[in-house]
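Taking the working numbering, the leading residue of the sequence shown gets 97, the next gets one more, and so forth.
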Amino acid sequence: MIELTPSQIAALKLARDGDLYLQPSNKWTHQNATVTYAKSDRWKERPLKVKSVTAKVLDELKAPGFLERRHLDDNASKDVYGITMAGKVWLLKNK
Numbered sequence: 097m098i099e100l101t102p103s104q105i106a107a108l109k110l111a112r113d114g115d116l117y118l119q120p121s122n123k124w125t126h127q128n129a130t131v132t133y134a135k136s137d138r139w140k141e142r143p144l145k146v147k148s149v150t151a152k153v154l155d156e157l158k159a160p161g162f163l164e165r166r167h168l169d170d171n172a173s174k175d176v177y178g179i180t181m182a183g184k185v186w187l188l189k190n191k
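1. Less than 8 angstroms between the C-beta atoms of residue 129 and residue 146, yes or no?
2. Measuring alpha carbon to alpha carbon, tell me which residue in 159, 101 and 131 is nearest residue 177.
3. Whole-angstrom Cβ separation of residue 124 and residue 154, contact assumed at under 8 angstroms?
4. Please report the straight-line C-alpha distance between residue 131 and residue 120, rounded to a whole angstrom.
5. Please state if the CB of residue 180 and the CB of residue 164 are separated by a distance shorter than 8 angstroms.
6. How would you write the range of the alpha helix (DSSP H) that residue 112 sits in, first residue to last?
7. What distance in whole Å lies between the Cβ atoms of residue 174 and residue 112, which are believed to be in contact at a cut-off of 8 angstroms?
Quick look at the structure:
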């Protein structure tokens with residue numbers, strides 16, 4: 097059984113929601129991620145910030161096979177990463 101840190105678990109959950117793209121600040125997040133607002137906040141006063149993953153956490157999740165590159169022809173540093181079936185199964189069993 098592989099133990100993951102809370103930041104790695106959050107990264108897996110973020111990847112489960114959609115593929116991860118490199119952003120200008122060297123963080124990885126969804127392609128068109130924008131600041132959103134809480135659904136229960138009818139005046140839209142409290143923005144929810146964009147969730148992102150660092151490159152270090154991304155590399156840590158690639159090693160056991162929880163994340164994979166989607167387009168193998170492109171440059172690896174700018175490629176898109178998505179969750180694998182192993183990552184989905186780990187989330188189902190543990191969180």
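Idealized CB from N, CA, C, for every residue including glycine. No experiment lies behind these values; they were computed from the predicted model shown.
From the atom records:
1. Taking the sequence shown and counting its residues from 1, one reaches residue 129 at position 33. Taking the sequence shown and counting its residues from 1, one reaches residue 146 at position 50. Contact: yes.
2. Translated into the one-based positions of the sequence shown, residue 177 becomes position 81. Here the closest residue by C-alpha is 159.
3. To locate residue 124, count along the sequence shown from 1; it is residue 28. To locate residue 154, count along the sequence shown from 1; it is residue 58. Here residue 124 really is in contact with residue 154; their C-beta atoms are around 6 angstroms apart, less than 8 angstroms.
4. The sequence position of residue 131 within the sequence shown is 35, counting from 1. The sequence position of residue 120 within the sequence shown is 24, counting from 1. C-alpha separation (whole angstroms): 16 angstroms.
5. Position 68 of the sequence shown, counted from the first residue, corresponds to residue 164. Position 84 of the sequence shown, counted from the first residue, corresponds to residue 180. Cβ atoms of residue 164 and residue 180: closer than 8 angstroms.
6. Taking the first residue of the sequence shown as 1, we reach residue 112 at position 16. Residues 102-113.
7. The residue you call residue 112 lines up with position 16 of the sequence shown. The residue you call residue 174 lines up with position 78 of the sequence shown. The pair is not a contact, with the Cβ atoms about 22 angstroms apart (cut-off 8 angstroms).
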